[in-house]
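Chains as they are written, first to last, in the numbering used here: chain A, 374 to 657; chain B, 1126 to 1248.
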Amino acid sequence: MGGSVKKDIKLIIDNEDAENAPSAEAGIKDELQRWPLFGLSVGSFLQVIAMERQTCIMEVYLNSGHFGHFCFVEGQLFDAVCNDLDGETAAMEMIAWENVRLNIKQILNTSSVIRKIDKNLMLLLMESTRRRDEIMNAGEDMDMEDAEDIEALDDVEAVVDDADRAKFDACLNLLSNEMGDALTAATISKIDEDKVLSTYQTTAETARAFLRLTKFMKNAFETRSTVILGDHYVLDLKDRKLLVALIIGEHQWCVVFNSVKCTLGLFRNVIMPKVIRAYNEMNL
Amino acid sequence: MNIQKLNVCMDILKKDLGEGFVASCIITTDDGQVLLASEQANVAEATLLNDATALIRNALKTYPAELGNYYYIDVAGSMAILVIPFGEFQWTVTINKKLVKLGLLLNVVLPAIINAFEDAVVS
């Protein structure tokens, strides 16, 4: 498995013009040979390694004062080291680097590898994007202070909205990765604002219809009975499908899935906790 | 409809759920009238769930999908509600979710009471 990835990456090297490659130290051939890969972002390489479930060390070189490595076991990010940093801090530092050179080494024995990163790789990548957007937005805010342009402020809000939307999309991607082809459709909406934030294989109209249903049940229970709606409801659908509506904080997740490929027990006990954890880690 | 058999349905439910049984109510969907109710049954709750079922069916049309045999509502605290729509009738069962395993409810109790209810309706 490791060999095949290495072969693919070799193709990238062969197709690149070595003359244009960012050099670690200009003219130092040994350095170039030590980190032979370039041309893709750190995040892209990390995702390839995770998707291929590789067990390897990915070395990253930005310049002579900034280098480190990521450690993967079966596609799971276990650790990262960057100068004096390690774990998540080191990973976040290196994910933000651009124009880097890389090398990949296989790990033959994983018994001594200690897991220092618990967060999902997707969450780390999203967090890195969020931080970069924050910095960019801060810069834009500074420029706009003199302009006093209300429309421009709206644009900034739109950028912030887009950043949040990207997080919700990442949540649904995570759900899709966990559930595979059992997942039929999913939506995330903001309950109080009737706002559909992200959809997967369905329409905003459906998401809104279920928002209305949740609001109806919430209000009806409160006014016409003694009970309060809890954090989820489950609808049995025809054609062996289930719809689970999860109410997490101010958001509602609607997930439709094939109940043969993924049982309700599996969804409630394995998928749901992971999804809630991912949501909480994203600070939405 | 056989009233005696309908009472048997309720007995089966109580027996299968044991201490996890809280209340139950069967209503007609057209007018929301109560056919059968256990002690502590909340009729207002059962009729509002009749409206909820109509809303669910409409919401599912947009997807599109159709409601199957049941829906289950988690309620804050220790309760949960299982709703079983049967065309002209709707059966609402309130359980103590801390005492009844969802797997048991959906895989054992639900098929048994659906069979018993269908038997009561055709008799």
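The beta carbon of each residue, even a glycine, is placed where N, CA and C say it ideally should be.
Check: Neighbour list for residue 624 of chain A in chain B, Cβ cutoff strictly below 7 Å; Outcome: Chain B residues near residue 624 of chain A: none, gap ~16 Å exceeds 7 Å.
Check: Positions along the region 414-443 of chain A whose CB lies within less than 8 Å of some CB in chain B; Outcome: none
Check: Below-9 Å beta-carbon distance, residue 568 of chain A vs any chain B residue; Outcome: no
Check: Identity of the residue in A:538, A:578, A:487, A:493 nearest residue 503 of chain A by Cα; Outcome: A:538
Check: Where residue 1178 of chain B meets chain A, residues with beta-carbon distance less than 7 Å; Outcome: By Cβ distance, chain A contributes nothing, its closest Cβ being about 10 Å from residue 1178 of chain B, past 7 Å.
Check: Whole-angstrom distance between residue 1169 of chain B and residue 596 of chain A, CA atom to CA atom; Outcome: 10 Å
Check: Buried versus exposed, by CB contacts within 10 Å (16 or more), residue 1153 of chain B; Outcome: exposed
Check: Option in A:445, A:451, A:455, A:425 with minimal Cα separation from residue 438 of chain A; Outcome: A:455
Check: Contact between the region 644-656 of chain A and the region 1174-1188 of chain B (3+ Cβ pairs under 8 Å); Outcome: no
Check: Cβ-based contacts, 7 Å cut-off: residues of the region 1148-1172 of chain B near chain A; Outcome: 1167, 1169, 1170
Check: Any beta strand (DSSP E) of 3 or more consecutive residues that is wholly inside the region 1135-1216 of chain B; Outcome: 1146-1153, 1159-1162, 1192-1200, 1204-1211
Check: Residue-level contact to chain A via CB, residue 1217 of chain B, 9 Å cutoff; Outcome: no
Check: Rounded Cβ spacing between residue 584 of chain A and residue 601 of chain A (contact assumed at less than 8 Å); Outcome: Not quite, the Cβ-Cβ distance comes to about 18 Å (not below 8 Å), so this is no contact.
Check: Beta-carbon neighbours of residue 1200 of chain B, restricted to chain E and to distances below 9 Å; Outcome: No chain E appears in this structure, whose protein chains are A and B.
Check: Contacts of residue 1191 of chain B in chain A (Cβ-Cβ under 9 Å); Outcome: 610, 611, 612
Check: Span separating the alpha-carbon of residue 653 of chain A from that of residue 1200 of chain B; Outcome: 22 Å
Check: Under 8 Å by beta carbon: chain A residues contacting residue 1181 of chain B; Outcome: 586, 608
Check: Complete alpha helix (DSSP H) runs within the region 427-484 of chain A (minimum length 4 residues, chain order); Outcome: 460-468
Check: Segments of 3+ residues assigned as beta strand (DSSP E) that fall wholly inside the region 547-579 of chain A; Outcome: 556-563, 568-573
Check: Beta carbon proximity, residue 1224 of chain B to chain A, threshold 9 Å; Outcome: no
Check: DSSP beta-bridge partners of residue 630 of chain A; Outcome: A:556, A:615
Check: Segment contact, 8 Å Cβ cut-off, at least three pairs: the region 568-586 of chain A with the region 1185-1205 of chain B; Outcome: yes
Check: Beta-carbon contacts of residue 458 of chain A that lie in its chain and below 7 Å, excluding the five residues immediately before and after; Outcome: 466
Check: Burial state of residue 1127 of chain B, where buried means 16 or more other Cβ atoms lie within 10 Å; Outcome: exposed
Check: Own chain residues within Cβ distance below 8 Å of residue 1204 of chain B, not counting five before or after; Outcome: 1147, 1219, 1220, 1221, 1222
Check: Which listed residue (B:1155, B:1133, B:1165) has its alpha carbon closest to that of residue 1213 of chain B; Outcome: B:1155
Check: Within chain A, the residues that residue 1228 of chain B reaches when beta carbons sit closer than 7 Å; Outcome: 638
Check: Residue 590 of chain A: contacting residues in chain B (beta-carbon distance under 8 Å); Outcome: 1177, 1198
Check: Residue-level contact to chain B via CB, residue 461 of chain A, 9 Å cutoff; Outcome: no
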